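**Student:** Using my numbering, the first residue of the sequence shown is number 3, and each one after it goes up by one.
Glycine is no exception: its CB is placed at the ideal position from the N, C-alpha and C atoms.
Bear in mind the structure is a predicted one, so any value in this text is a computation, not a measurement.
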Amino acid sequence: MDRPYPPASLVELSELSDFGIRLTPAPEVWEWLQAEILADTGSIHNEDHAHLLDADIRVMWASSSFEKQGRTVLGQAEQLAFRAGGWQKARMEQQMREWFGYVPAFIITLAADYCAQCSDEEFCALIEHELYHIAQATDKYGQPAFTQDGAPKLKLQGHDVEEFVGVVRRYGASPDVQALVDAANSPAEVGKLNIARACGTCLLRSA
């Protein structure tokens, strides 16, 4: 299944500051990641995301990235919670219904200007980064939690490791950082060949 790309018309808007950032639903991205990452038959399947197979997630393209705390944000996972009331809440809910037909539980937003030109490996890494933010909640005993309907109970989670390079350089790696170092020193589980099978641009190069 070919890697999805953002609409060219949206990418063109990223260069027009007068329009601000524009957003549009990206159902093709959700279909692609369900087929290639979530499904056990996918070319780059990752069982870490098994709890997301039937999750209430929708994906959007944003015309451009944005700056936050000195960094460029290329993707974002959100659990929808309207911290507003009255007309403000009604306006937000109406926008969701116009985009998706209902109000989803989670939204993943991707920067179209970046995704239009990044490599297949970078695109897959960005998608999985956002998926990892949507984790299965645990109960008071630390076991995976489920809803009354038997579906995995989901929550947003932060990164596994948050540390400054300088601290690690000066004082060594904490257990969490060491786990990341060990993973980085191991061969990548998803090779470029597997990514190529899931991405149309790589297939074109090998044709």
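The beta strand (DSSP E) that contains M62, what's its start and end?
**Tutor:** M62 -> beta strand (DSSP E) spans I59 to A64.
**Student:** Checking the sheet assignment: what are the DSSP bridge partners for K70?
**Tutor:** DSSP output for K70 lists R73 as bridge partner(s).
**Student:** For L12, count the other beta carbons within 10 Å of its own beta carbon; 16 or more makes it buried, fewer makes it exposed. Which is it?
**Tutor:** Flag for L12 reads buried.
**Student:** Tell me which residues share the same chain as F125 and place their Cβ nearer than 7 angstroms to its Cβ, disregarding the 5 neighbours each side in the sequence.
**Tutor:** Hits under 7 angstroms: R5 and C117.
**Student:** Between which two residues does the beta strand (DSSP E) harbouring P177 extend?
**Tutor:** Note, P177: premise wrong, no beta strand (DSSP E); alpha helix (DSSP H) at P177 to N187.
**Student:** Quick check on this structure: which residue in S66, Y143 and P189 has the alpha carbon closest to the alpha carbon of T111?
**Tutor:** For the residues S66, Y143 and P189, the minimum Cα distance to T111 belongs to S66.
**Student:** Distance check for Q97 and Q36, CA to CA, integer angstroms please.
**Tutor:** For Q36 and Q97, the distance between alpha carbons rounds to 25 angstroms.
**Student:** For Q78, which residues in the same chain have their Cβ closer than 8 angstroms to its Cβ, ignoring the five residues on either side in sequence?
**Tutor:** Taken in chain order, the residues that qualify are I110, T111 and E132.
**Student:** Here's a check: name, in chain order, each residue in its chain whose Cβ is nearer than 7 angstroms to the Cβ of N48, leaving out the five neighbours to either side.
**Tutor:** Contacts found: I39 and E130.
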